[in-house]
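K.L.:
Let me begin by handing over the structure; questions about it come next.
Okay, structure coming up:
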């Protein structure tokens, strides 16, 4: 039997009465590429923290390098070769690449004085390890997300790492950047360095992972090989529930389109977009990061003024010169990043829901009818089944899925004609995911026109009656999801074509 | 909708909820009560003397009104360091105006006219100055702390230019008649002005959507834009209100000192910020209640007046007490809400 | 060489330098008095106290905080020092005032450091509190009054000159004060600290991302504490210099200068949010404000207009910065 790089057995950890880890076992062989999958709240972050020494487990053992530990300190973890790269990469945006790479080493050596020549040498050595060509004097804040990630990886490799843990590494990367990352990971494997991916995106990690461990409610549900999984099984293991995968067909048959877009373009983002949308439809727009899909959404919402093209609402041409103009015309937008763009976390659930319509609760004299607003908020909470004991509670007391429902409620309260949702189920547990999809289908049946923008192919295939694929700023295909499969869509999204900037 | 079973009359319950829902307010309330009891027990002659309260009521509106304005700007995540500058500038301006309309020896009617003109002008100019602040913050997008630092110098500079650096006095008697008056022979006018100010802010914050919008804006400006809020207009209106209140403070100062000078109230800038923070307003924006700020004003004033009754403790101890109280509150809060305060007050500088 | 020039042109400090040069030329043209030896020495003279304060303020800003207590701290430590020396009739050398002021500055700085390193409350708010406390101690506990007669050592120090510059035309002379050396020493110290020690890099790291700094291994609490001790010492030195040069201790002279110093540092390109900025920039910013304040008289603008001009300067300077930032963000398509 091969000596594992690390094996955690039967780990239990509780926080204030909540059992985060409930007897989980995980083994990683040397040089293995292992994926840890689980939905939000499954315990995957806690497990990472236990492995890296941030938390000590309540019970269970950790084996590393043939030694047994009942608990680790961060220093012990690092000296045993464990390096974690968190989602924010823990870099200093205001310092140069060189400093970011070298500063840990200087600190670890307890130096009082900093020697710039030594730091530069250290940094050069670090980036050479993964063949990373970067200007050492560039401020990290100016780098792209992929480059920041490579800085973090270089830094992780500086100490003799034997296991690199990456938390959701592919979230903000384009397909090309993901390919580059995978090449590096394979290279690490060749050098005997194991990688533990934490992810929930089956398609992306499928091609590279050698083994999966799926975690649910703090315990491992199954450890298996990729061949043994497909979407349905994956979903089932992550949530323990079987879901009805029926596809969406529009109930409503409306004749006139509510939204028509022709030749819309924003320089440097997207070009020549033409589409039309009827009430009762759910249109899917899919594409990878950088395909222009988010910019298109923002343009339709008035947040990004178009350079050319025309938008018509209910047959009338409109100029959307700002967000308020779009809202006035009946367009709503559930943003990609609800924490920074959609929610007021410290404020109450009720005020988050009523904020866009708040003036409607004011009398002629400007007096605010709090009772009416409260009642309206409570109605929405009930309607969308937002799990909270009191709408006066702050939004940050809720889970991701419930928070997303609040954003949804806010927009539904404005009585829109068109609702655009960008990444509607990102960071949402699978149960809420299906609930939100059901809600959208019901809304469509009631006459709302919905656009779902997402790179989650199954989401788009199941919930849309039409799907448009964007690639490099253009719409390259419009498909019928009943006919087209996952694989073909993925192919259309990632096909290398010459993009708007002439890069192929 | 299920019926709520009320064990107490709902009105009473809601008042109680409002007062005690915010831990800062509750704490300040308790401190105030304790302070008053202490005061009454140790210095009963002063405590039960009208003069003590009257002198308090004359003093605190000066900085109290400024604190009310600063409070609004801090709720939206900004700050207003220019309030003293606006106060002095408008005070000097109105003094000069009054002297023009009713120079020494004029008849009372001219005097009354002068007073009305001065008050109106002061408030208008104050609002405009505040709007200028708001425009710089909202449209030019300069961090509020830098804007108001610059406009503080600017407005004070204008005050110096108009007044030549010397105090402006010789105001028509009518001004003092009205503004330094004791209503019913007992209540000083500054207190009335302050109470009006509190009512105005209270209505704005809690009876109109404006208040809710301010809290949301302070909580997350990006989400505010994405939710369709008129963020620039809100910011400008907030700073306008702060400017208005600052000029009201200037009018009170004008009455109290019967003169105006460009450097009056120099300690009030930081004092106003101190009061607002003491009152439980999060400097990052998005929370804090008016009741907290009002209580903070009263607590500080009562405390310093209490200490004034000891002849050995001079006036100069006041800043020491204020600073000490603030630091004490910080320590107590941190121990009391371990972690909660830390999460709330992660400072990264203000953007608006 | 070309690469160096290109790099230079991208910095804020370069443009600030240009502005100063242009301003100087304009004043020279209007008065013919700017580039005279005695005027330049006068400027250097006027730079000393704000410059020393600016070094301290700069270091705190870089670490991500805003300190408003330094004038009150300086006043208190110098007042106490002077009081002690005068009451005991100190006739000896100037070394003792220095030692006392440094010691007191360190203690008061430690008071600041204690609170800022322990409590997760904005430095601005904490120093608001400590400024009041320092001011209160000085005025209340020590019942401060103006002390007109300083210990002779201090007066001498205040009068000591490095050299004298004479204006060839008007015959006016200005002396370059000995205390300018203190500014130089403080600058060198700060430069070495910020650039060549892990402590200094830690300040920048903290200003960039405090939790990442913690995770990288910086002892953040420790650094914050000692930062304020150092700043306390620096501020007290500035206070000592000022008192010596003015030859009297006026307790309420200094407070009020804090906003001007912070404005100067920010004009010099230091972000108010922390993590970036250079000493050069801070000094250039201070120089700009000092020129505006001192040289207006050369152009015939009465001193009344100083405050106003300072205000305009701050607004325009920060405004330009802000507009540049907005444009850069628009270009990078960082929406809103």
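Chains as they are written, first to last, in my numbering: chain A, 529 to 1032; chain B, 9 to 360; chain C, 12 to 347. Glycine is no exception: its CB is placed at the ideal position from the N, C-alpha and C atoms.
Measuring CB atoms only, is the region 991 to 1002 of chain A touching the region 812 to 826 of chain A, in the sense that at least three cross pairs come out at less than 8 Å?
P.N.:
Verdict: yes, contact present.
K.L.:
Using a Cβ-Cβ distance under 7 Å, would residue 16 of chain B count as near chain C?
P.N.:
At residue 16 of chain B the pLDDT is 44, less than 50, meaning the model places this residue with poor confidence; the figure from the coordinates comes in the next sentence. Output row for residue 16 of chain B: interface = no.
K.L.:
Got a sec? Which residues, its chain only, sit under 8 Å from residue 157 of chain C by beta carbon, not counting five neighbours each side?
P.N.:
Cβ within range, chain order: 259, 260, 261 and 262.
K.L.:
Which whole-angstrom value describes the C-beta separation of residue 231 of chain B and residue 239 of chain B, a residue pair presumed to lie in contact below a C-beta threshold of 8 Å?
P.N.:
Contact flag wrong, Cβ pair sits at about 10 Å.
K.L.:
State the Cα-Cα distance for the pair residue 253 of chain C and residue 924 of chain A, rounded to the nearest angstrom.
P.N.:
C-alpha separation (whole angstroms): 51 Å.
K.L.:
From the DSSP output, in three-state form, read off residue 852 of chain A for me.
P.N.:
Helix at residue 852 of chain A.
K.L.:
With H, G and I counted as helix, E and B as strand and the rest as coil, what does DSSP make of residue 542 of chain A?
P.N.:
Strand at residue 542 of chain A.
K.L.:
Consult DSSP for residue 1031 of chain A and reduce its assignment to one of helix, strand or coil.
P.N.:
Confidence at residue 1031 of chain A is low in this model, with a pLDDT of 49, below 50, so its placement is unreliable and no value can be given for it.
K.L.:
Could you name each continuous beta strand (DSSP E) segment of 3 residues or more that falls completely within the region 120 to 200 of chain C, going from the start of the chain to the end?
P.N.:
Whole beta strand (DSSP E) segments, 3+ residues: 172 to 177 and 184 to 188.
K.L.:
Relative to the C-alpha of residue 765 of chain A, which residue among A/959, A/876, A/968 and A/904 is closest?
P.N.:
Looking at the Cα atoms, A/959 is the closest of the given residues.
K.L.:
Quick check: the region 557 to 567 of chain A against the region 720 to 731 of chain A, are at least 3 beta-carbon pairs closer than 8 Å?
P.N.:
With the cut-off at 8 Å, the region 720 to 731 of chain A and the region 557 to 567 of chain A touch.
K.L.:
Alpha carbon to alpha carbon, what distance is there between residue 704 of chain A and residue 23 of chain C?
P.N.:
The alpha-carbon atoms of residue 23 of chain C and residue 704 of chain A are separated by roughly 36 Å.
K.L.:
Under 7 Å, Cβ to Cβ, is there at least one residue of chain B near residue 894 of chain A?
P.N.:
Residue 894 of chain A counts as touching chain B.
K.L.:
Does any residue of chain B have a CB that is nearer than 7 Å to the CB of residue 890 of chain A?
P.N.:
Taking Cβ atoms only, chain B reaches closer than 7 Å to residue 890 of chain A, which makes this a yes.
K.L.:
Just mark residue 320 of chain B as buried or exposed, buried being the case when its beta carbon has 16 or more other beta carbons within 10 Å.
P.N.:
The residue is exposed, with fewer than 16 neighbouring Cβ atoms inside 10 Å.
K.L.:
Quick test of your reading: residue 622 of chain A and residue 219 of chain C, contact by CB under 8 Å. State the CB separation rounded to the nearest angstrom.
P.N.:
So it is a contact: roughly 4 Å between Cβ atoms.
K.L.:
Name the chain B residues whose beta carbon is nearer than 9 Å to that of residue 147 of chain C?
P.N.:
Correct list: 324, 325, 326, 327, 328, 329, 330, 331 and 332.
K.L.:
Tell me residue 196 of chain B's beta-bridge partners as DSSP assigns them.
P.N.:
Paired residue(s): B/190.
K.L.:
Can you find the residues in the same chain that come closer than 8 Å, C-beta to C-beta, to residue 340 of chain C, ignoring five residues on each side of it along the sequence?
P.N.:
Contacts found: none.
K.L.:
Beta-carbon within less than 8 Å of residue 40 of chain B's beta-carbon, same chain only, minus the 5 sequence neighbours each way: which residues are those?
P.N.:
Only 303, 306, 307 and 310 meet the Cβ criterion.
K.L.:
Does the contact criterion of 3 or more C-beta pairs under 8 Å hold for the region 287 to 295 of chain B versus the region 129 to 136 of chain B?
P.N.:
No, the region 287 to 295 of chain B is not in contact with the region 129 to 136 of chain B.
K.L.:
So that I know if they touch, is there some Cβ in chain D lying closer than 7 Å to that of residue 249 of chain B?
P.N.:
As a matter of chain content, chain D is missing from the structure shown, whose protein chains are A, B and C.
K.L.:
So that I know if they touch, is there some Cβ in chain A lying closer than 7 Å to that of residue 85 of chain C?
P.N.:
Not one chain A Cβ lies under 7 Å of residue 85 of chain C.
K.L.:
With residue 841 of chain A as the anchor, note down where its beta strand (DSSP E) starts and where it stops.
P.N.:
Run containing residue 841 of chain A: 836 to 841, per the beta strand (DSSP E) assignment.
K.L.:
Along chain A, which residues have their Cβ under 9 Å away from the Cβ of residue 68 of chain B?
P.N.:
None at all; the shortest Cβ gap to chain A is about 29 Å.
K.L.:
Please list the segments of the alpha helix (DSSP H) lying wholly inside the region 204 to 245 of chain C, counting only runs of 4 or more residues, in order along the chain.
P.N.:
209 to 219 and 221 to 227, all fully within the region 204 to 245 of chain C.
K.L.:
Kindly say whether residue 91 of chain C, judged by its beta-carbon, lies nearer than 7 Å to any beta-carbon of chain A.
P.N.:
By this cut-off, residue 91 of chain C is not an interface position.
K.L.:
Would you mind telling me which residues of chain B sit closer than 7 Å to residue 27 of chain C, beta carbon to beta carbon, in chain order?
P.N.:
Those do not exist, as residue 27 of chain C stays about 15 Å from chain B at its closest Cβ, beyond 7 Å.
K.L.:
Would you mind listing the alpha helix (DSSP H) stretches within the region 901 to 977 of chain A that are 4+ residues and don't spill past its ends, in chain order?
P.N.:
Fully enclosed alpha helix (DSSP H) runs of 4 or longer: 928 to 940 and 958 to 973.
K.L.:
Which same chain residues end up closer than 8 Å to residue 1020 of chain A when comparing Cβ atoms and leaving out the 5 residues on each side of it in sequence?
P.N.:
997, 999, 1004, 1005 and 1007, listed in sequence order.
K.L.:
Comparing the CB of residue 329 of chain B with every heavy atom of the ligand GDP, is any distance shorter than 6 Å?
P.N.:
No copy of the ligand GDP occurs in the structure displayed, which carries no ligand at all.
K.L.:
Just to confirm my understanding: we take residue 148 of chain C, look at its own chain, exclude 5 residues before and 5 after, and list those with CB closer than 8 Å. What are they?
P.N.:
Hits under 8 Å: 87.
K.L.:
The beta strand (DSSP E) spanning residue 587 of chain A covers which residue range?
P.N.:
Its beta strand (DSSP E) spans residues 587 to 592.
K.L.:
Measuring CA to CA, which of B/330, B/201 and B/146 is closest to residue 242 of chain B?
P.N.:
Residue 242 of chain B has its Cα closest to that of B/146, out of B/330, B/201 and B/146.
K.L.:
So, helix, strand or coil for residue 268 of chain B, using DSSP?
P.N.:
If DSSP states are grouped into helix, strand and coil, residue 268 of chain B belongs with the strands.
K.L.:
So what does residue 790 of chain A bridge to, in DSSP terms?
P.N.:
Per DSSP, A/838.
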